Amino acid sequence: MGTPRQMDWLEMDASAPILLFDSGVGGLSVLRAVRAALPDAPVIYASDNGGLPYGPKSEAEVAARVCGLLGRMSERFRPRLISIACNTASTIALGMVRDVLAVPIVGTVPAIKPAAEATRTGTIGLLGTAATIRQGYVDRLEAEFAGGKRLLRFAAPELVGAAEAKLRGQPVDPAIFARAASGLRDQPGGTEIDTVVLACTHFPLLADELSAAFGPDVRFVDGAAGIARRIAALTQGQTFARSAPDFALFTRADDGLALLQPALASYGLTRMEQL
Ligand code: DGL
1004 MGTPRQMDWL EMDASAPILL FDSGVGGLSV LRAVRAALPD APVIYASDNG GLPYGPKSEA
1064 EVAARVCGLL GRMSERFRPR LISIACNTAS TIALGMVRDV LAVPIVGTVP AIKPAAEATR
1124 TGTIGLLGTA ATIRQGYVDR LEAEFAGGKR LLRFAAPELV GAAEAKLRGQ PVDPAIFARA
1184 ASGLRDQPGG TEIDTVVLAC THFPLLADEL SAAFGPDVRF VDGAAGIARR IAALTQGQTF
1244 ARSAPDFALF TRADDGLALL QPALASYGLT RMEQL
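Everything in the sequence shown is counted per this note's numbering, starting at 1004 for the first residue and increasing by one.
As structure tokens, this is what we get:
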């Protein structure tokens, strides 16, 4: 006789998906790491494009959207695990989502701990959305893992739009990346930054452009590999078998979504559905 959770595993359909959730395309940076760790795992990539961007929204609005949508999605698709592949949604709503859903939830935590371990100068930059950088969650990570270091934060909402445009094959103004770099560097002590936390899942999709803007002496850290490890640990012993190709799910119909098809296909998402 196993525990209820073990019984669930024994009875779990091998085609039950892992659901990755973000406001837009940012969670694809997490999907890349999940694919590397669990190539056979069926995945639904869910984007709340109807609510994008989350960064300028209030805590209440983000929490309500994320809890409501994940409730509907888990009822409809019965995922074995949900990953909130979005720093803004996780830092605001992770606790609430865990309180209301029985399915295991893996959140996205700004990678302050690995950045604090990596920095040589003791000065770390953090790029995120406006909502993420003001969260108490980030203050707590700073106090716990970056004591004695200097953490400089900058909200870079333009980078969210830049990642969305890049994945649609649209041109992006390079001044956006220069503004993100100077937003950190121009703060007191900012020239000492040698490590930058990409605390928004959209930003690793712009790694080359950000690297060019910050120069060769700055390294970037993000949480994708850690999330994939956590998902692999929580699904250890489970079997995976796709019964249909993986797909992307959107909350709003939008003609522009067709432009995303090639990028989504490169992540193994060959269909699009609407919630
Ligand atoms: N990808 C999301 C994050 O990690 C945020 C983008 C948005 O503003 O919606 O924070």
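Just so you know, even glycine gets a beta-carbon here, dropped at the ideal spot from N, CA and C.
The structure presented is a predicted model; accordingly, all values stated were derived computationally and were not measured.
Under the three-pair Cβ rule at 8 Å, the region 1181 to 1197 counts as touching the region 1146 to 1161. The region 1085 to 1100 makes no contact with the region 1115 to 1129: fewer than 3 CB pairs, one atom from each, lie closer than 8 Å.
Distances between the C-beta of residue 1056 and the heavy atoms of the ligand DGL include at least one below 6 Å. Secondary structure at residue 1024: strand, using DSSP grouped into helix, strand and coil. A contact is defined here as three or more CB-CB pairs under 8 Å, and the region 1054 to 1065 fails this definition with respect to the region 1076 to 1084. Residue 1254 has its Cβ no nearer than 6 Å to any heavy atom of the ligand DGL. By the 16-neighbour rule on beta-carbons within 10 angstroms, residue 1204 is buried. No residue range can be given for residue 1238, since it is assigned to no beta strand (DSSP E) and is classified by DSSP as neither H nor E. Following the DSSP letters along the chain, one finds residue 1136 inside the alpha helix (DSSP H) bounded by residues 1133 to 1136. Collapsing the DSSP output to three states places residue 1125 in coil. In terms of Cα proximity to residue 1228, the closest of 1030, 1069, 1020 is 1030. Under the three-state reduction of DSSP, residue 1204 is assigned to coil, being neither helix nor strand. Within 6 Å of the C-beta of residue 1238 there is not a single heavy atom belonging to the ligand DGL. Taking 6 Å as the cut-off, the C-beta of residue 1052 does not count as close to any heavy atom of the ligand DGL. By DSSP's assignment, residue 1108 forms a beta bridge with 1085.
Under the DSSP assignment, residue 1046 falls in the beta strand (DSSP E) whose first and last residues are 1046 to 1050. For the 7 Å CB-CB criterion, residue 1115 and residue 1080 do not form a contact. Secondary-structure assignment with DSSP links residue 1277 through a beta bridge to 1253. Using a cutoff of 6 Å, the CB of residue 1225 does not count as near the ligand DGL, since none of the ligand's heavy atoms is closer than that. If the five residues before and after residue 1207 are omitted, its C-beta is found closer than 6 Å to the C-beta atoms of 1032, 1201, 1225, all from its own chain and listed in chain order.
Each of 1197, 1162, 1066, 1074 was checked against the Cα of residue 1098, and the nearest Cα belongs to 1066. Segment contact: the region 1048 to 1055 against the region 1017 to 1030, three or more CB-CB distances shorter than 8 Å; contact assigned.
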